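Remarks on the structure that follows.
Residue numbers (our numbering): 9 to 195.
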């Protein structure tokens, strides 16, 4: 069995997924990891919306991708596939997308969504399922389709999406990039 650090080092941001749907028991295990994430004051305020509807994920992914283009940095030196202008959906045709929401009046909303996202991605990696963390959720759900989706899911206007995790079986894996030095400061 791998150690947590081994899983962390082996995990890659996956942007090439197989079309095959994730098995129910695997998806439940991944979601369980998210539910067990640490949260401020044990409030457990994060809502996990799991969408397997390809059409809806594609539409929301296109909206999110357009927002990425509007906010894109000028420096494309990272070599990330995310900078490829031919990609039309920010969710990369993943068969499952998990949207993490928390109330905007909750001061730890972003933190709790991000911690839960990390748990989700690590559990997915541990069972050989690919994932990638996507931002711009708040703006994605300010659109007409985003508002309609939230209403359908029973989330009122106070809920903001702070993290989006596309998931799927890996079609193509990335290579680990070296870690930059001098990022730790001891006092």
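Glycine included, C-beta positions come from ideal geometry on N, C-alpha and C.
Computed from a predicted structure; not experimentally measured.
Sub-8 Å separation of residue i and residue j beta-carbons
i	j	result
residue 67	residue 153	yes
residue 69	residue 128	no
residue 109	residue 169	yes
residue 104	residue 163	no
residue 132	residue 16	no
residue 25	residue 167	no
Which listed residue (the options) has its alpha carbon closest to that of residue i
i	options	result
residue 181	195, 139 and 168	139
residue 63	162, 167, 187 and 157	157
residue 146	188, 21, 183 and 71	71
residue 18	155, 32 and 183	183
residue 21	142, 193 and 151	142
C-alpha distance - residue i paired with residue j, whole-angstrom precision
i	j	result
residue 101	residue 191	34 Å
residue 65	residue 195	46 Å
residue 14	residue 185	15 Å
residue 165	residue 55	14 Å
residue 11	residue 40	19 Å
residue 179	residue 23	9 Å
residue 9	residue 51	32 Å
residue 124	residue 116	12 Å
residue 159	residue 112	16 Å
residue 126	residue 161	23 Å
residue 148	residue 134	29 Å
residue 57	residue 188	34 Å
residue 150	residue 193	39 Å
residue 32	residue 144	27 Å
Cβ-Cβ separation, residue j to residue i (assumed contact under 8 Å), whole Å
i	j	result
residue 172	residue 107	6 Å
residue 34	residue 137	6 Å
residue 73	residue 98	4 Å
Contact test: residue i Cβ vs the ligand COA heavy atom, cutoff 7 Å
i	result
residue 159	The model on display carries no ligand, and the ligand COA is accordingly not part of it.
Check your understanding: Taking contact to mean at least 3 C-beta pairs separated by less than 8 Å, is the region 46-53 in contact with the region 114-134?
Key -> Touching, yes, given that three or more Cβ pairs across the two stretches are closer than 8 Å.
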